[in-house]
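Notes follow the structure.
Protein chains: 4
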Amino acid sequence: MRTEQQYLEGLRDGRVIFYRGERVSDVTTHPSLGVGAAHTAIDFRLADDPAHRDLLLALDPDTQQTISRYFLIPRTFEHLLKRRELIETVTRAAKTTVPLVKEIGTDAMFALMVVTAELGTAGEQYRERVRNFYARCRDEDLTLAVAQTDVKGDRSLRPSKQPNPDAYVRIVEERADGIIVRGAKVHTTNAVYADEMIVLPTRAMGPEDKAHAVAFAVKPNTRGIRFLAAPRGFGMSNAFDNPVSSTTRMVETLTVFDDVLVPWERVFMAGEWQTAGELAKTFVEFHRFTAVSYKTPLLELLVGMAALMADYNGIAKAAHVRDKLVQLVMYLETVRGLTKAAALECQMRAGIAVPGVVYTNAAKYYFAAHYHEMVKQVQDVAGGLVVTAPMREDWENPDTRPDMERYLGGSASATTEQRLRAINLVRDITASDLGGYLELLAIHAEGSLETQKLTILMDADLAPYRDYAKRLAGIPAG
Amino acid sequence: MRTEQQYLEGLRDGRVIFYRGERVSDVTTHPSLGVGAAHTAIDFRLADDPAHRDLLLALDPDTQQTISRYFLIPRTFEHLLKRRELIETVTRAAKTTVPLVKEIGTDAMFALMVVTAELGTAGEQYRERVRNFYARCRDEDLTLAVAQTDVKGDRSLRPSKQPNPDAYVRIVEERADGIIVRGAKVHTTNAVYADEMIVLPTRAMGPEDKAHAVAFAVKPNTRGIRFLAAPRGFGMSNAFDNPVSSTTRMVETLTVFDDVLVPWERVFMAGEWQTAGELAKTFVEFHRFTAVSYKTPLLELLVGMAALMADYNGIAKAAHVRDKLVQLVMYLETVRGLTKAAALECQMRAGIAVPGVVYTNAAKYYFAAHYHEMVKQVQDVAGGLVVTAPMREDWENPDTRPDMERYLGGSASATTEQRLRAINLVRDITASDLGGYLELLAIHAEGSLETQKLTILMDADLAPYRDYAKRLAGIPAG
Amino acid sequence: MRTEQQYLEGLRDGRVIFYRGERVSDVTTHPSLGVGAAHTAIDFRLADDPAHRDLLLALDPDTQQTISRYFLIPRTFEHLLKRRELIETVTRAAKTTVPLVKEIGTDAMFALMVVTAELGTAGEQYRERVRNFYARCRDEDLTLAVAQTDVKGDRSLRPSKQPNPDAYVRIVEERADGIIVRGAKVHTTNAVYADEMIVLPTRAMGPEDKAHAVAFAVKPNTRGIRFLAAPRGFGMSNAFDNPVSSTTRMVETLTVFDDVLVPWERVFMAGEWQTAGELAKTFVEFHRFTAVSYKTPLLELLVGMAALMADYNGIAKAAHVRDKLVQLVMYLETVRGLTKAAALECQMRAGIAVPGVVYTNAAKYYFAAHYHEMVKQVQDVAGGLVVTAPMREDWENPDTRPDMERYLGGSASATTEQRLRAINLVRDITASDLGGYLELLAIHAEGSLETQKLTILMDADLAPYRDYAKRLAGIPAG
Amino acid sequence: MRTEQQYLEGLRDGRVIFYRGERVSDVTTHPSLGVGAAHTAIDFRLADDPAHRDLLLALDPDTQQTISRYFLIPRTFEHLLKRRELIETVTRAAKTTVPLVKEIGTDAMFALMVVTAELGTAGEQYRERVRNFYARCRDEDLTLAVAQTDVKGDRSLRPSKQPNPDAYVRIVEERADGIIVRGAKVHTTNAVYADEMIVLPTRAMGPEDKAHAVAFAVKPNTRGIRFLAAPRGFGMSNAFDNPVSSTTRMVETLTVFDDVLVPWERVFMAGEWQTAGELAKTFVEFHRFTAVSYKTPLLELLVGMAALMADYNGIAKAAHVRDKLVQLVMYLETVRGLTKAAALECQMRAGIAVPGVVYTNAAKYYFAAHYHEMVKQVQDVAGGLVVTAPMREDWENPDTRPDMERYLGGSASATTEQRLRAINLVRDITASDLGGYLELLAIHAEGSLETQKLTILMDADLAPYRDYAKRLAGIPAG
């Protein structure tokens, strides 16, 4: 197992990152992006922490080696339950911001294993490459990002019909030593903090979209790759005013592939348009399971902030406040319960336990559809001071602190400072750049609300229900 | 195991039932109530059916006898999952109307086992009686009803403060041979079809409510018991117009205890007011799990009817119709998934697996809170003909049938008769006396929406979430 | 002005009505349909009642005669506000069941006036006929029904593409003395109680649908017209158990046109396919305004029943009950307020005040989208006895009445009988055949939810909002 | 009428303002607060603009002078409709951020006129002072803020029971020359930009709260007044990244009264605890009407941004996108329609038209209850780039701009820059510090959701509805 230090060292490899108009020379020491590097390193710190080691590590049945549990291939529903617990626990320790440098990459590898296996002999070569790549990542304890969402251009047009041919990443040349790819992906999370990056197709393809049916792995410092990092969501401010956004970080990039050479042993799909959709979908099923596993700490925090502010404001016994608390608890537990049901109702494919599609998507949809409403409940209990209170500079100014001390206290259960800290937490999580970022994430990360509905409708088999209705209506079957 | 015939025979025991102003002499042959007797007998028919026997029967680990699976004491989460499947399967076979002559009674017995065990030596005598009663019911394959909800009078007053002292069932005398009880219960389901009736307190009691802290079992034909059966919800009509309500039945009664003598060996609580609330609550937890298990076939039918009518009306491809279908599927699967999570997260109490409280109540609340909305979706897809179409007499009248044939057909996927039958099913389930009955049941059976919210708030431990918020805000714990 | 007696006399004209398999000889004395005739006659009773005369009658500015106010052509927003008040008041007096024998007919005539006027000289002949027909109806104080919704067959196909060519009413022959029409309309309300019936197209037509672009007026006893009356929604029962459904009635028919001759002076459109959609839409705008005007008494009753049951159950001070009451009040007032806004923001077309389209449809949509939810609130407050209480026969049976008296009472604010009557009212309105009928009506009468959304999207002009966004974003206009 | 320059000049009067730890010497030139001064001055710019002058100015019937229309006392529903239009129009011109330096102050003065008039002779002295103060403000064209919300301390305790006696502003001494007041108000909007500040009680008071029943007017530079300005919601950034928040501003303050002397002629209530609640409520009714009038431009912008992004992303024809657009339009028009209904149904009190309470509160509640959901719809249509796109510095960097140009474009209807600008606007309004500020404002400004519900329940007269239910149930009245 690698140490935190080894991991961070590995990120200093010349990768090309731009941030707010400037080239970033070292992502681990950059004043803003460095926060994220320290943050994602939590995986390595926890694996080293006796309190968490048993959960973070696992015995690999294939190699009989101790490995990072993220790499453990799920073969039973209990494995999926444990993976859920792993992701939830790490994210909770990471102040609700999932590190996402091992979760998503293993999601992609499991999906590649399933899909290449289901291809039969046609997929044998790819399967072999996936297995080798997986074994190396597992054994070297690497971190991985995934780049899936294409920039898409005009969303009403298919890949091959786009005015800009590179609106979906594509193979521009096949050579003896590999393929040359061109295009760009958006919303790539934490690739700047990963040792490897897996690239997957974003949707089903038709025969004319062949060049866009491409999957592979690359190192982030490969020639031709450029990352344009988004500055949104996390502030540098200070821990008093922004207790979470000042100390954690997630970074999305516009990830540009400027005629990048990918050697054949790293290519997992190259033109098999018939399988592009299945690969995209299978990855997404693993990844939405990851998503609903990492959302719960944030929802626990929503519950906790509402409960805390109810106490501090002296309104914990008001009927409407109790009602809001119970709505928040049900929200949290509905997401968590459906995630467990998704594990329980997994489907075995190629010997791998794939989370139940309907439950996974129902959990994800439920989370996403109600997130804004639940934010509202927290803000409602917290009160208007969340945006009208003075901030740290005033708290530290002897001319103004006495007024704040005197007039911004609440019930006897907290000091004024504690109440202000709680208020600042609510603002940081729900009513700030980070708050807006989390709202967008809720409805767009891991696919939009519409996508989840479509997935459920495709996957749910309505025929038995229709037949049941026929039977009860006295209509012959068929 | 008893046969259907033996079961029905047992109901002809002189029990005192009134229905629509008249005394019912034989509940099995009564033109209206007889439908229900035949319906509840489905438990015995399925136990005898090779296709269902394995699910309906089980090997009792205590006696090594084959028993009705309802009586199998749940000792693992798998037992609860299987019990869920049992209740769902039987209710599906019963056209969505749960028979409820074994489910609820075993819920009550499991709760009595848990609560009397947790009382320690103080409960030893009661525990013994419960065990004996349970063993007899199991071995003789009896059916059981439960009477819990008191009439309550003015709901803003506690039992002992009611102007009518009998607004909650109470002990009016303790004698050497047993207790004399007086009062009445409402909403008692299917007691008229049961061999035994268990009576439980409906709420927590204070010391001054001692006389109301009473639990016992009686035979329905015990002197002093009168049943006033409600006529709502199920019509006698015909299978064309009312395919479900004409062939199934559930009956609620006002169950009057007019100074009924209950021998001591049938008394399970008599004055232990401190335990009344716990018993009521524990029963309800088992019973809400039963409830969310038996709701799913009705929700499957909602999905099925919407899908069928979408086809028959030629609107299956409309985006808004697809959206309604997916909402219905998510509704079904959210209830089902949370029920499975409740089994998975059971709590062991006195060696018995009690379904997880938060998940059970979240499932029940979700079901209840959205039922009307989902009925709306089905009605929306089905169309206005649900209430404006002529009915069977017109369909059979040669003067009018040709007009109906000619003008009431839909898409090519169905004949006019099939479409009318499907429409009639939608009306029967959603827009009729039965439809109204189901709406009320959704929000009142097994406790109101408010009760489920209160239960969740009592059971959920908010402290860890509050502490989590404190930690992230930089507030010291405690 | 005609008297109630004259009106009823006029309905005995040999019209061909079938009901539950039998030909109805006299609609005014028929045991079931006669209830509706007495009910719709309320328009004539109120016009004769000093308490209501000022509202029911109006001075016609054109003729300087006193006319039924329904016929008053709206020329200002105050006229529309008064028309709203008229419809609300009559429906309130009619126990929430709108009589609908003058409202809808005048809606149709106003729409015909507007659309034929906007046709210019092309519509002159039609306009003349409409005016003459209107003048006669007004002067003779006639009642009118409207038949608009075609049977539609496969809804995914246009009129001219239907396998059944008569799935939309059509002209099968043009003759010197008139047109011959064939087909059928569904959901025709109260035509069996009307002196005249106006027939309108149900949708926009294309050139190939020319034969279906037809509008006209006929007397219900015209040769070739048959009514198949739906029996749903209203029970004959008794006033104790069914206080509303036993004494009021609305009747929908399948209205068959079996090669009916319509003389030219009664034809208002015959082949002008370009105008069919505009006529359908304009009628619907008037009629949705009527709809949202007549819904409010039902919503007032929902508020009233919830408030009453809260008192009778002793729960009026519970926070969740108060919350439900305020939700119900807001629901009522949002519908009423938007209706007033629709009047205020009317559009003048051909000198006639047409209710504002967006507000009318927003009111209608809001009503329809939330009706089921509001029914749930009422049922929630009322309690399970709504479907589990014994009924009138038991109340009148001396063997059972004492038990009901003793055990079915609530708080001190009501006798047991009063509580039972209130409970029965809740069941009759929300959990019975009538309850189901009202739910279907809510979402399908006057167009489905989808239709209202489409209408709003067509009518709302988004360009100014888009330009506003551009301006604030710093994007040049255009 | 004053000019913009005269107005700004008036703000340089030595008022004590702190902002982010520093004393502000000149609010009109301060780098951050100065933006707000320029912003609120829009009232004076528009009054001078021929395109808006007719709306901004009015002829005062009392003085026959031209006055700022804000000061026009509403005496008919048309006046209220015009006032609504005034506030909407100015706020639209002000990029959705209401200036609020004349709206709220006139709300307070109208309320003071009504309440002091209703006090009869007891209020004569106060009425006189209010009239004089009003006349001066009107004639000198002054700007006014209102400080109402007390800091409240432990919200479960009444004013006189607070551990901190100053948790509600109070009179600490009555002197010959006036009263001395102590305490603080929170959420005071734009007092730093006003010529005068009116202070009102925040709630109903009991006899023991007498000292807290106080209302008066003060100049912001009065000795003893300190403003601690909140820095939230508006960023200084640049017009590309933050098109709205960088150019508009609203400022809330903690407003401290450190033993401030208020001369008697400026005191409008001093100890009349019986009237405190009525004054608070009446002010709020005027002010919620103002609120729902100024919300609509923001809602127009939500519609506009969604429509624009739908075009730019090439998804304008997707059914779910159209559905979101229509939901947004209905949201906007429901708020606007109910506001118009509130004007139409005004109540005359002391000769002044007070907006209808139920409609005003229903509009406000509807706005507040659904704001987060509507933000979600806009974000859903806009897409994840709202938070993952690079920003202005990258756009201006020649190393990265070509990638952005190439890969961040959408449909042919916009250039990449236009799409980025539109995306930035969406982020600025919905997913930034300003976005969070607007969410909090939606649910807390002008009273919380609970308050609006309580107001409706207090104001709505349920008796007629209850009687209606009784009548239909056959229960005698009374």
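Residue numbers (our numbering), protein chains in the order written: chain A, 1235 to 1712; chain H, 1235 to 1712; chain P, 1235 to 1712; chain U, 1235 to 1712. Don't be surprised by glycine CBs; every beta carbon is placed ideally from N, CA and C. None of these values were measured; they are calculated from a predicted model.
Residue i versus chain U: which residues are under 9 angstroms apart at the beta carbon?
i: A1553(H); result: A1552, A1553, H1554, R1556, D1557
For a contact defined as C-beta to C-beta under 8 angstroms, what are the partners of residue i on chain U?
i: T1568(P); result: T1568, L1572, A1596, Y1600
Taking C-beta pairs closer than 9 angstroms, name the residues in chain A that residue i reaches, listed in chain order.
i: N1547(U); result: K1386, D1388, R1389, S1390
Alpha carbons only, please: which of the options is nearest the one belonging to residue i?
i: T1350(A); options: G1511(A), E1534(A), M1608(A); result: G1511(A)
i: I1388(H); options: Y1593(P), N1472(P), L1642(P); result: First, the residue type needs correcting, since residue 1388(H) is Asp and not Ile in the sequence shown. Ranking Y1593(P), N1472(P), L1642(P) by Cα distance to D1388(H) puts L1642(P) first.
i: F1517(A); options: D1282(A), I1338(A), Q1561(A); result: I1338(A)
i: V1433(H); options: A1451(H), V1496(H), A1425(H); result: A1451(H)
i: K1558(A); options: L1542(A), G1571(A), V1569(A); result: L1542(A)
i: E1352(U); options: Y1702(U), G1585(U), M1625(U); result: G1585(U)
Anything in chain A within Cβ reach of residue i, meaning under 8 angstroms, just list it in chain order.
i: P1465(U); result: P1624, M1625
i: T1664(U); result: G1670, E1673
Is residue i buried or exposed, if buried means 16 or more other CB atoms sit within 10 Å of its CB?
i: S1527(U); result: buried
i: L1619(A); result: buried
i: S1259(H); result: exposed
i: P1531(A); result: buried
i: A1707(A); result: buried
i: E1362(P); result: exposed
With the cut-off set at 8 angstroms, would you say residue i and residue j are in Cβ contact?
i: T1300(P); j: L1291(P); result: yes
i: T1573(A); j: A1597(A); result: yes
i: T1566(A); j: V1537(A); result: The question names Thr, but residue 1566(A) is Leu in the sequence shown. The answer is yes: Cβ separation under 8 angstroms.
i: T1274(U); j: G1268(U); result: no
i: V1420(P); j: V1496(P); result: no
Name the chain P residues whose beta carbon is nearer than 7 angstroms to that of residue i?
i: A1404(H); result: What sits at residue 1404(H) in the sequence shown is Arg, not Ala. Ordered by position in chain P, no residue passes the 7 angstroms Cβ test against R1404(H), which lies about 13 angstroms from the chain.
i: H1421(H); result: G1618, T1622
Anything in chain H within Cβ reach of residue i, meaning under 7 angstroms, just list it in chain order.
i: L1320(A); result: By Cβ distance, chain H contributes nothing, its closest Cβ being about 17 angstroms from L1320(A), past 7 angstroms.
i: I1677(P); result: K1610, Q1613, D1614
Rounded C-beta distance between residue i and residue j? I'm assuming under 8 angstroms.
i: A1345(P); j: F1520(P); result: 5 angstroms
i: A1447(A); j: E1506(A); result: 6 angstroms
i: M1484(P); j: T1423(P); result: 6 angstroms
Less than 7 angstroms between the CB of residue i and some heavy atom of the ligand ATP, yes or no?
i: A1679(H); result: Judged by which ligands are present, the structure shown has none, so any question about the ligand ATP falls away.
Which residues of chain U have a Cβ atom closer than 7 angstroms to the Cβ of residue i, listed in chain order?
i: G1255(A); result: E1627, D1628, E1630, N1631
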